[in-house]
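Under this note's numbering, think of the first position of the sequence shown as 164, with each following residue one higher.
Even for Gly, the Cβ is constructed at its ideal location relative to N, Cα and C.
Structure, as structure tokens:
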Amino acid sequence: MQSYIFDGKCFTSALSMYVPPNTQQKKPELLSPAGNMECFFAALENGADAVYFGLQEFSARASAQNFTLADASKAIAYARKKAVKVYIALNTLIKTNEIDRVTDLLLALEEMQPDALILQDLGLLFLLRSRFPQINLHASTQMTIHNLAGVKQLKQMGFRRVVLARELSIDEIGNIARNATTEIEVFVHGALCYSYSGLCLLSSMTGGRSGNRGRCAQPCRMRYTTSTDEGGYLFSMKDLLTIPRINDIMAAGVHSFKIEGRMKSPAYVAVVTDAYRQAIDGRLLEEDEAIRRVMTVFSRETTHAYLFYGMNDKTKRGEKHKLSHDRAGSNCPSPSYERGERGVVAKSSTDTNKTGQLSESNDIKAANAINSSYPANLGLYAGVVVKSEKGQIVIKADADIGVRDLLQVFEHDSAKPVLLHVKTITMDGKRVYSIKAGNVAALNTQQQFKRGAKLYLVSSQKVNESVTPKIPKKLVPAKMPVDITASIRHDRMMIKGIIRQFSWSKDYSMKLESGINRITEEGHIRDCFSRLGETSFVLASIRADISEGLFIPLSILNDVRRDYFHNLSIAWQEERERRSREIKKWIRECVFQDTLAQHNRNQTISHMRTPMKGYEEEYKDAQGGNECSVDTFSEDAMRLSVKIDKLNYIQHIPLERIYKIYLAVSDEISFTKERDAMNTLSQIKDKMVFSLPVILRDRRDGLDTYEDIKIIVQKLIAQGFRQFQLCNLGAMGLFEGENVQWYADYPLYCLNPLSAAKLRELGFCRHTLSPEDDKENLQTLFSADADLIIYQDTPLFTSETCVWANMKRRCPGMKECGFKKVTVKNEYGDQFVAINERCKTLVISERPLSLFPGIPKLLEAGQRDFRIDLCWRDYTPEMIEDIFSGIQNRTRMKYSSLGNYNRGLR
């Protein structure tokens, strides 16, 4: 019998649950991670179809060892010989002062020709599509693409592949895969973030280490307590494991199966890759054993997470050896919370309607996605301590344990395990090298443990030795293919080489004679010019035009080849430097200077904005539509906008001082049905901008789905409203054929002027600077079409995992749920409020972001447009008055934070 933990339960199976794959289904690509060269070869040796890794800069895993350019080049060259693809992750947000460096990096990558780059930053997308159009692009999961409309939009923007958000169900994924022409990639294994990727700002706003820039400090793995001192690791997600359901994911039509783990060991990469390789190929006859091996290399408790929640498991369930989830259950916090009206998110079904939208749902949310007892590597359950004696402990094993293995021991409800290195094993009075499940044996140790303490195997020497990758002693870097044309006459030889769009020629004067017994043919030229040794080039093709009957001594051909490619290398380097200067000049002239000119003139740069096709005239209408134009300011003037999520706030806002009112839209706010509310909004129509939710799922759960919001948008347009704020690229499809204006909120991140240029190109007339940005970088982005947030309860987590349901270990369903919010505190004393925001958990800090004291300096630096957000809290009229007084007096709000403004964003 085999046992392992999955979804918080112990599974026991005597037989493998092997189900043959559908032979008609095309096999998906298996995509493995690599944090260094050893991991890269571990992936290749164990069956990866493709490998992804990051470089020393601009990678979302900055703490990984990552690859130098030299190592990346060698990896690409080696993978190409093995028909394995290489994708390089440049999936961080780019600051303005990093654009020159990223330009030079792209020039280097262009030479190496990776199979694709993985992106998040819109500015980097703008640069690549403008100056490096031949490079294939994949959209990172950091772009938070979670619906069919988003995938289609990214296709139009030039992405070949989209990595979907990990929160989607298998039905949503299948719906997208069936209705999109873009390649779809999904995660099938590894660590899960509590928040939607790209929407997690907790690490950034509490310590300056931005997850969007690859420097997440993992605050979700910290311990949190409630006001009644109950708590645990309340945001620590279990790890994703889908081996038992691999055929279901294959049936969804996904192109690529992605394994998370660029910070994991080579053993992890090898074992996990091998397990999924066998599962995909239908060769996994020992599924239980494969899962046990996976757990020895790294594993928290596991779950199939959002993919299959609510569906029947194919594995047999048992109650034996519940281990850490027992501890979690016994210490499950029972939080204090306030009554509310909303509770849970629904699971979608496989049925779709005519529009491709999912049509059914259920209202129960997963309550076992979190392990609140332990946030780190748990390993494989390996047994229990029977007794503890002087110098040794006696254990009953539940897994194979060998000398040089590493165990961790949990005593009862302790959250901190003790490591135990296995040095000697004694069984029946004899020293043995290893024991098997069911054996009783003694382990020598000076540490004493209580009877019943549980053992977990976190490192198996046997497994590690079996998967140690073999790295070739000599690796050759990637080489640039060259097409050669040779024209050879009696008195000269002209060689022309073409590398992509660059060509270089050289003439060689010489005196050649006709051959008597031998003549030189094209094949001889090819053989000679193929020997390029240590150069940076490889011969792609050659075409030789040789005067009839000529013989060219091999020594002459060799001399010409050496000289030509030596000079070609110099010419190519000069061309690369020229291109670098030219691209950087283009950036300065086309982006920076225009942005600066716009900023100085306090007017729009209409030649850089691309209105939606067919509606160019709307940008010329001063009041009826041109809210993209900008008034002239006095030197010390500021223009203030406000974002609200409750209609009644309008009564307490000094409307005469407000430029724009951004009103958060949801199907809960029924202003489209309320005549009085609509009359009020119609009177200030020129000020009203309707802000759409950042998450618009395709599924039919009645909570702000794509179709729900589309209906609301159509009603607003029918009543003459034309201004809308978007938080996600997937919302752009809601307005096809409509005459409207778009405003970009901060989740469409803009940390460099190229991102602003891309948003203008997409048709946005205004954008919002990121609340996680710092003073130095913000000053490079000030312009007349940029809003700077100076007050906000910044969403730090936006999650589909209900914190309350997981704390209570049950979800009562939407109609029965009374959870509204709970306050939690981390080990440093920082307090946060977890809010039930329409069946998502949204976490904000108790201390809002407030930049009021910096307003004079910001005005002096030239920024004129500012925004305050009155969302997520219940703001009283007195609180709203205090906020506007703070703006007027330039005083910092009590119990507020400056975020990264002075501290700096890393």
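Residues of the same chain with a CB within less than 8 Å of the CB of residue 233, apart from the 5 flanking positions on each side, are 640 in chain order.
For residue 454, the closest C-alpha among the options 468, 470, 436 is that of 436. Counting along the chain, residue 200 sits inside no beta strand (DSSP E); it lies in the alpha helix (DSSP H) bounded by residues 200-208. Within the stretch 985-1032, the complete alpha helix (DSSP H) segments of 4 residues or longer fall at 1018-1024, listed in chain order.
Note on residue 871: 16 or more other CB atoms within 10 angstroms of its CB, so buried under the neighbour-count rule. Rounded to the nearest whole angstrom, the C-alpha separation of residue 857 and residue 584 is 48 Å. Inter-segment contact for the stretch 397-409 and the stretch 449-468 is present: three or more beta-carbon pairs are separated by less than 8 Å. Sorting 256, 360, 277 by C-alpha distance to the C-alpha of residue 284 places 256 at the top. For residue 265, the uninterrupted alpha helix (DSSP H) run begins and ends at 262-275, by DSSP. Annotation: the stretch 925-972 contains the following complete segments of the alpha helix (DSSP H) (minimum length 4 residues), in chain order: 938-941, 966-971. Nearest in C-alpha terms to residue 990, of all of 261, 390, 643, is 390. Looking only at 862, 853, 861, 860, the smallest Cα-Cα distance to residue 876 is reached by 853. Note on geometry: alpha-carbon atoms of residue 914 and residue 951 lie some 12 Å from one another. Within the same chain, 710 come within 7 Å of residue 652 by CB-CB distance, once the 5 residues on both sides are set aside.
In terms of Cα proximity to residue 674, the closest of 690, 681, 664, 655 is 655. In the DSSP annotation of this structure, the continuous segment of the beta strand (DSSP E) that includes residue 644 starts and ends at 643-651. Within the stretch 585-657, the complete beta strand (DSSP E) runs of at least 3 residues fall at 588-590, 593-595, 603-607, 617-622, 643-651. The straight-line gap separating the alpha-carbon atoms of residue 595 and residue 622 is approximately 19 Å.
When DSSP states are grouped into helix, strand and coil, residue 547 belongs to the strand group. The C-alpha of residue 397 is placed about 9 Å away from the C-alpha of residue 987. If you ignore the 5 residues before and after residue 543, its C-beta comes within less than 6 Å of the C-beta of 455, 458, 459, 562, 620, all in its own chain and listed in chain order.
In the three-state DSSP reduction, residue 364 falls in the coil class, being neither helix nor strand. With contact defined as three or more Cβ pairs closer than 8 Å, the stretch 1041-1051 and the stretch 339-352 are not in contact. By the Cβ test, the stretch 430-448 is in contact with the stretch 188-208, since at least three Cβ pairs between them sit closer than 8 Å.
With a contact defined as Cβ atoms closer than 8 Å, residue 868 and residue 879 miss out at about 17 Å. For residue 265, the closest of 746, 647, 1020 by C-alpha to C-alpha distance is 746. Nearest to residue 670 by C-alpha distance, out of 1022, 658, 698, 1069, is 658. About 6 Å separates the beta carbon of residue 692 from that of residue 724, a gap short enough to meet the 8 Å contact definition. Taking 8 Å as the cut-off, the Cβ atoms of residue 412 and residue 333 count as close. Counted as a single uninterrupted DSSP element, the beta strand (DSSP E) harbouring residue 806 occupies residues 802-807. Contact between the stretch 543-557 and the stretch 609-619 is present, with at least three C-beta pairs closer than 8 Å.
Under the DSSP definition of a beta bridge, residue 230 partners with 218. In this structure the stretch 798-807 lies against the stretch 818-826, because at least three pairs of beta carbons, one per stretch, are closer than 8 Å. Here the alpha carbons of residue 259 and residue 742 stand approximately 20 Å from one another. Counting C-beta atoms within 10 angstroms of its own C-beta, residue 215 has 16 or more neighbours from the protein chains shown and is therefore classed as buried. Between residue 604 and residue 634, the C-beta gap is not smaller than 8 Å, which leaves the two residues out of contact.
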